[in-house]
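Per the working numbering, residue 15 is the first one in the sequence shown, and the count goes up by one each step.
Every residue gets a Cβ at the ideal spot worked out from N, C-alpha and C, and that includes glycine.
Data block below; observations after.
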Amino acid sequence: MIYGNIPFFRIKWSYLLGYGLLFGGLSGFISWLEFNYTLEAIDPRWAFFWIGLLFTIVGAWGGRVLTSQVTSTASMVKIHEVSNDGTDLRISMDHATKPVNGLSDREYEVLVAMAAGKSNQEIANDLYIAISTVKTHVSRILQKTDAKRRTQAIRHAKRMGWIR
């Protein structure tokens with residue numbers, strides 16, 4: 015298992031569920047008000063419109079806040095792993111030392127996992143991607159580092175200072 019601050023851009027289902035429950039609760043509250051107090055001054059369609067608009071604005075603001083938090087944590091990737099013989103393997107990446115040959119962030123994450131000795135299956139499980147996607151990233155890493163084998167790509171990355 016890889017531990018660290020690797021950014022994963024996934025939807026948190028708890029946020030999505032809470033957001034939906036809040037919208038449903040407000041919609042139900044308006045229906046309850048209309049039924050119990052016969053609100054003739056407020057057309058429920060307009061009330062639902064304003065609730066939807068409010069949720070759109072709050073969602074856009076929340077997305078912006080979450081995106082800024084992810085990009086601030088993405089400035090440093092640290093992985094701490096203990097190898098089979100009990101020694102610590104520490105790999106870190108700062109944006110100042112990010113590969114200049116055009117590796118994407120995901121390709122860099124795969125490279126770091128390769129350096130940690132992970133198999134394609136383990137990398138796929140750790141990064142929540144398909145094995146075929148890992149193979150694609152590995153082949154692109156090999157192309158971009160002019161390597162024929164994974165060990166050559168890792169050696170090249172260490173020589174260039176991309177990983178320690």
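Take Q135, set aside five residues on each side of it, and the residues of its chain with a beta-carbon closer than 7 Å to its own are I145, in chain order.
Between V126 and I137, the CB-CB gap reaches or exceeds 7 Å. Following the DSSP letters along the chain, one finds Y122 inside the alpha helix (DSSP H) bounded by residues 119-129. In terms of Cα proximity to G38, the closest of L141, N50, A61 is A61.
Annotation: E121 to R78 spans about 25 Å, alpha carbon to alpha carbon. Comparing alpha carbon positions, the residue from A130, D140, L156, G73 closest to G116 is L156. Annotated as proximal: M128 and R164, with beta-carbon spacing under 7 Å.
Secondary structure of S146 (DSSP, three-state): helix.
Using a Cβ distance threshold of 7 Å, I65 and L40 count as a contacting pair. In the structure shown, the three-state DSSP call for A161 is coil. For I137, the uninterrupted alpha helix (DSSP H) segment begins and ends at 134-141. For the options H151, Y33, F69, the alpha carbon positioned closest to that of S118 is the one of H151.
Straight across, the Cα-Cα distance linking N50 with A74 is about 33 Å. In this structure, the alpha-carbon of S28 lies about 38 Å from that of A171.
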